[in-house]
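1 is the number of the first residue of the sequence shown in the UniProt record's numbering; add one for each residue after it.
All remarks here apply to the structure that follows.
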Amino acid sequence: MQFLGAAQNVTGSRHLLEANGIKILVDCGLYQERDFKARNWEPFVVPPDSIDAVLLTHAHLDHCGLLPKLVREGFKGRIYCTAATSEIVQIILLDSAKIQEEDAEYKRKRHKREGRKGRYPDVPLYTTADAEACFPLFSRVKYRKSVDLGNDVEATFYDAGHVLGSSIIRVKVRQGGQERIILFSGDIGRPDRPIVCDPTVFDAADYVFIESTYGDRVHQGPEDTKKE
């Protein structure tokens, strides 16, 4: 395992699993904190063309927002996610690309007017065309139906109860006559909410990689929330 983002910070989720000779990237998110935005411009630690598959937990920008850059720089594998996530991601990436283009144009004009250079290049991080290039790579999966990733590695998506289409991803690796179960939580929702289902509960796994944005807080109960 390599943690390429969202480690000791919140955004930029990117976790690389190498198993049985294949490389699987779980999420490919954009850094959104001001102090870390420069990292979006850095080269990927692993060459994108060496990654075999991307598994997306859900359609928030900090989990999917760097996909256009990944594809532009050589990724040619499949991007696995639920149908709802696929639909929402396409909207989000097009919106993000438009913002990137508009921001770059604004900075270009401002820096020219002021006769200076900014911290980042005066070009978009990625364009609308880069975002659109991702769409043919999406493979939609159903909850609780396993996807064969090759080399005795399979992934199964379960409802995370976070947003529409969000998933906890269970990866099974068979090696040397043994099986290892690895869970990637993505962002986990709260139970007893309208529209989205409760997050799936698991009773066993060998390794669990869990988000902890609110790990040091105690949420108030639903009744107190309703009263507010």
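The beta carbon of each residue, even a glycine, is placed where N, CA and C say it ideally should be.
- With respect to Ile22, Asp52 sits close: the two C-beta atoms are nearer than 9 Å.
- The beta-carbon separation of Pro68 and Leu93, rounded to 6 Å, stays under the 8 Å limit for a contact.
- Ala133 and Tyr80 have their C-alpha atoms roughly 15 Å apart.
- DSSP places Ile99 in the uninterrupted alpha helix (DSSP H) bounded by Ala83 to Glu114.
- Between Val71 and Leu4, the CB-CB gap reaches or exceeds 9 Å.
- Straight across, the Cα-Cα distance linking Ile88 with Val54 is about 16 Å.
- The beta carbons of Val218 and Asn20 sit about 41 Å from each other, so the pair does not count as a contact at 8 Å.
- Ile169 places its beta carbon less than 9 Å from that of Val26.
- By alpha-carbon distance to Lys145, the top candidate from Ala155, Ser185 and Pro136 is Ala155.
- Comparing C-alpha distances from Leu56 to each of Arg39, Cys28 and Glu33 shows the shortest one belongs to Cys28.
- In the structure shown, Arg78 falls within a strand segment according to DSSP collapsed to helix, strand and coil.
- For Gly65, the closest alpha carbon among the candidates Pro47, Ala160 and Gln32 is that of Gln32.
- Between Thr85 and Ser166, the gap from beta carbon to beta carbon is short of 9 Å.
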